[in-house]
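Notes to accompany the following structure.
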Amino acid sequence: MLEERSAGAILYQESPSGNLYLLLNYPSGHWDFVKGNIEKGETLKQTVLREIKEETSISDVSFVEGFENTVEYYYQRDGELVHKEVVFFLARTTTNHVKLSHEHLNFIWLKFNDALQRLTYKTAQNLLKKVRDLGFES
11 MLEERSAGAI LYQESPSGNL YLLLNYPSGH WDFVKGNIEK GETLKQTVLR
61 EIKEETSISD VSFVEGFENT VEYYYQRDGE LVHKEVVFFL ARTTTNHVKL
111 SHEHLNFIWL KFNDALQRLT YKTAQNLLKK VRDLGFES
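Going from the sequence shown to the working numbering is simple: count from 1 and add 10.
Now the structure itself:
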């Protein structure tokens, strides 16, 4: 079995009507948060900042202290089982302009409940619920 470790962010911006969360539409059709593989010599947060910049062109990012959560799952790649671990952080931006990389089909900024419904996977939905449970979302 292969092992894979990545890092990602639940990226949000504040708006007068409440926080808006950024979701990306991946080529396989699912909606999820920004994430990517850790490159040699990178810390988890360096990976997150690089991935946000590469995938969305957003560089104005600050981490919210007190939120770090690990998600684990399995998937098949070229007929081989992969155990993937992704460490997610909560991050804030003041930028709403997104320039998508070739890695994604679309993006959307959504309020909490809409984001919860749009997220494809239960693991991602549970992550967003943890944001609320920790008091970052009312």
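We put the beta carbon where it would ideally sit given N, CA and C, even for glycine.
These numbers come from a predicted model, not from an experiment.
Suppose you measure from the CA of residue i to the CA of residue j; what does that come to, to the nearest Å?
{"i": "residue 68", "j": "residue 125", "result": "19 Å"}
{"i": "residue 113", "j": "residue 143", "result": "31 Å"}
{"i": "residue 66", "j": "residue 90", "result": "30 Å"}
{"i": "residue 58", "j": "residue 86", "result": "24 Å"}
{"i": "residue 25", "j": "residue 107", "result": "14 Å"}
{"i": "residue 120", "j": "residue 23", "result": "10 Å"}
{"i": "residue 84", "j": "residue 56", "result": "24 Å"}
Identify the continuous beta strand (DSSP E) that holds residue i and give its terminal residues.
{"i": "residue 33", "result": "30–35"}
{"i": "residue 117", "result": "116–120"}
In the DSSP assignment, what residue or residues form a beta bridge with residue i?
{"i": "residue 47", "result": "16"}
{"i": "residue 131", "result": "None, per the DSSP bridge assignment."}
Going by CA-CA distance only, name the one from the options that's closest to residue i.
{"i": "residue 134", "options": "15, 65, 27 and 81", "result": "81"}
{"i": "residue 42", "options": "145, 146 and 118", "result": "118"}
{"i": "residue 62", "options": "96, 36 and 111", "result": "111"}
{"i": "residue 97", "options": "116, 17, 132 and 13", "result": "17"}
{"i": "residue 115", "options": "123, 35 and 19", "result": "35"}
{"i": "residue 146", "options": "29, 86 and 11", "result": "29"}
{"i": "residue 122", "options": "13, 27 and 11", "result": "27"}
{"i": "residue 15", "options": "95, 129 and 105", "result": "95"}
{"i": "residue 11", "options": "92, 103, 104 and 131", "result": "92"}
Can you name the start and end residues of the alpha helix (DSSP H) that residue i belongs to?
{"i": "residue 94", "result": "Premise fails: residue 94 lies in the beta strand (DSSP E), 90–102, not in any alpha helix (DSSP H)."}
{"i": "residue 81", "result": "Unbroken run through residue 81 is the beta strand (DSSP E), 72–87; no alpha helix (DSSP H)."}
{"i": "residue 59", "result": "54–66"}
With 16 as the cutoff for other CB atoms within 10 Å, does residue i come out buried or exposed?
{"i": "residue 53", "result": "exposed"}
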